[in-house]
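Residue numbers (our numbering): 34 to 525.
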Amino acid sequence: MSKNLTSRAEDYSKWYNELVVKADLAESSAVRGCMVIKPYGYAIWEKMQAELDRMFKETGHQNAYFPLFVPKSLFEAEEKNAEGFAKECAVVTHYRLQNDPDNEGKLRVDPEAKLEEELVVRPTSEAIIWSTYKGWIQSYRDLPILINQWANVVRWEMRTRLFLRTAEFLWQEGHTAHATKDEAIIEAELMNNVYAEFAENFMAMPVIKGVKTESERFAGAVETYCIEALMQDGKALQAGTSHFLGQNFAKAFDVKFTNNEGKLDHVWATSWGVSTRLMGALIMTHSDDKGLVLPPNLAPFQVVIVPIYRNDEQFEAVSEKAESILKELKVLGVSCKFDKRTTHRPGAKFAQHELQGVPLRIAIGPKDLENNTVELARRDTLTKSIVEIKDISVTIKNLLIQIQEELFTKALDFRNEHVTEVDNFDDFKKVLKTKTGFISAFWDGSSETEQKIKELTKATIRCIPMNNKMEEGKCVYSGQKATQRVLFAKAY
RNA sequence: CGGGGUGUAGCGUAGCCCGGUUAUCGCGCCACGUUUGGGACGUGGAGGCCGCAGGUUCGAAUCCUGCCACCCCGACCA
């Protein structure tokens, strides 16, 4: 293994790929487009899950689990949704293998074992869930249904990248059913806000909340809310979506209820999801040429202690000190690991923990034992300081909060510097090429213009920001009358 | 799925054009010793059906065909 990462400036995408593998987050597997999430990477995902799960429950949702397979007839019921996903579905057609008579020791699909009806491996679960909800809902008294599931889904992607786009990925998908349109819209907006809060407070990743244009909307949705983040290379990343589905799925699956006036109506729906893609977003928001930088709120361990010693006695003495710090931090709710491996030297440990983004590192050696101090190093700033042992737990507790905030502020400053208002198409292209980031420009509201801009520049409308200022202007491309600015960017 | 590239030990590679002893080098790995405040050093050692399957040839890492995987650029996408 080479010692240094490719730098971001040299080749951003190579840097990303190397970082994911070297920091031991994930690797590609024997299955095309599918990744193995390794323990360290999975630990971060589990932290994300835990907090999101808490937030979902706090907003009244319950977890449940629906099947991996969707019978084709159900899948095709909501036409737009089916059409949108059809091109990337894995399909189960048989249920049995047998010894291949022509090929000793090999198996083949048993031609006799063809399924009556093909099963689609879920690319998303609206179909199977709404076919189920049909049996659960008769009256407005059965509503709302507020359910989330943690699951894997499969989308047969042509080009995959670890975490950012894999053929199988992990996510959560909320599927709610409501008696009124307003209630469903409020739900969709609420969950988009939950995502934004999570992104900003836990991932320390600033996001812009908005709605998608018609062409970028989820297949089968009436409105798609989203949070959009900006990566360090100036490309945007859709970090989460929340859909107001109207009555589309209720109509497709014939889910009706009697309202409190005795009238029959179709149920209103939302769905919302975030995926392991957030791991990619996290990596690309904060990390540097030395490796991963993790916000304390999501780091598998927030502090690592590295002992420095010349002999067994020193190791013993240093370890004793380390163990007592460990205990003290645990009481404060700080997660800490004592790296007492005797097989690696301190320098190697420093480098590894930097690569893996541990927010704070304590080094304790003989000098420190004499002076009652430790060396404390910050991963985000790569700065070191000497701290009195008696102050250590308070210092760390405060520093973790400070790091969390500063990571956010730094990312926010970067994002804000990379939102550029542009009023003509030449500037549009120039900014996209040289400065990158989000471009705020007037848009005439037509899909044709949007499409044309995409063809010419590869930039898409990432979102129409929430509570957008309405003003008069001319479309940056067509010159037609426009009522608001929208955000364009090249995106992942 | 279209265009381009790559595949040699755990990782990174030389050799391939122009077929010919025992496949090169570095890192990593193992043992022992010395080391340990920023990726240690010495000595010794292990590790390869050269991506897979066919073909050409006396002989294939090297030439030919097919397949697979990965990377880059498009189209698609969270």
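Ideal Cβ placement from N, Cα and C applies to all residues, glycine included.
| query | result |
| --- | --- |
| Cβ pair Thr246, Glu483 closer than 7 angstroms | yes |
| Through-space distance from Gly267 to Val452, alpha-carbon basis | 10 angstroms |
| Opening and closing residue of the alpha helix (DSSP H) in which Asn234 lies | Lys214 to Asn234 |
| Span separating the alpha-carbon of Ser35 from that of Leu388 | Bear in mind that a pLDDT of 45 at Ser35, under 50, signals an unreliable position, so the model cannot answer this. |
| Rounded Cβ spacing between Glu201 and Val187 (contact assumed at less than 8 angstroms) | 5 angstroms |
| 6 angstroms CB neighbourhood of Ile316 in its chain, flanking five on each side removed | none |
| Beta-carbon gap between Lys507 and Phe475 smaller than 7 angstroms | yes |
| Length of the line joining the Cα atoms of Ser275 and Asn225 | 6 angstroms |
| Unbroken stretches of the beta strand (DSSP E), 3 residues or longer, contained in the region 158-196 | 178-187 |
| Chain-order list of residues whose beta-carbon lies under 7 angstroms from that of Phe286 (same chain, five-residue window excluded) | Ala110, Trp163, Ser164 and Lys167 |
| Rounded straight-line distance, which links the Cα of Phe471 to that of Met499 | 15 angstroms |
| Three-state secondary structure (DSSP) of Asn50 | helix |
| For Trp476, the three-state DSSP class (helix, strand or coil) | coil |
| Cut-off 7 angstroms between Cβ atoms - residues of its own chain near Ile218, not counting five sequence neighbours on either side | Phe277 |
| Environment of Leu197 [buried if 16+ CB atoms lie within 10 Å] | buried |
| Beta-carbon proximity list for Arg141, same chain, < 6 angstroms, skipping 5 on both sides | Asp133 |
| In chain order, each beta strand (DSSP E) run of at least 3 residues that lies wholly inside the region 70-125 | 102-104 |
| Spatial distance of Lys242 from Thr193 (CA atoms) | 26 angstroms |
| 7 angstroms Cβ cutoff met for Val153 and Val103 | yes |
| C-alpha distance - Arg155 paired with Gln82, whole-angstrom precision | 21 angstroms |
| Met34, DSSP secondary structure in three states | For Met34, the predicted structure reports a pLDDT of 37, less than 50, and the residue's modelled location is therefore unreliable. A value from the coordinates is still provided. Coil at Met34, not helix or strand. |
| Sub-7 angstroms separation of Gly253 and Asn114 beta-carbons | yes |
| Expected contact under 8 angstroms - CB spacing of Trp204 and Val307 to nearest Å | 6 angstroms |
| Residue interval of the alpha helix (DSSP H) (run including Ala384) | Pro379 to Leu388 |
| Proximity to Lys67 [Cα-Cα], best of Glu149, Val54, Leu195 and Gln95 | Per the sequence shown, residue 67 should be read as Cys rather than Lys. Nearest option by C-alpha distance: Leu195. |
| Option in Ala123, Glu481 and Thr490 with minimal Cα separation from Thr469 | Thr490 |
| Contacting residues, own chain, Cβ-Cβ under 8 angstroms from Pro177 (five flanking each side not counted) | Thr209, Ala210, His211, Ala212, Glu216 and Glu220 |
| Inter-residue spacing [alpha-carbon to alpha-carbon] between Glu529 and Ala396 | Since the first residue shown for the chain is 34 and the last is 525, residue 529 is missing from the structure and cannot be characterised. |
| Simplified DSSP assignment, three categories, for Cys508 | coil |
| Paired residues, beta bridge with Gly306 - DSSP | Glu206 and Thr274 |
| Proximity winner among Ser479, His319 and Glu408, relative to Leu440 (alpha-carbon distances) | His319 |
| Cβ-Cβ separation, Ala269 to Met314 (assumed contact under 8 angstroms), whole Å | The sequence as given places Ala at residue 314; Met does not occur at that position. Actually they do not touch by this definition, with Cβ atoms about 10 angstroms apart. |
| Alpha-carbon to alpha-carbon, Asp401 and Lys354 | 10 angstroms |
| Rounded C-alpha distance that separates Ala350 from Ala63 | 47 angstroms |
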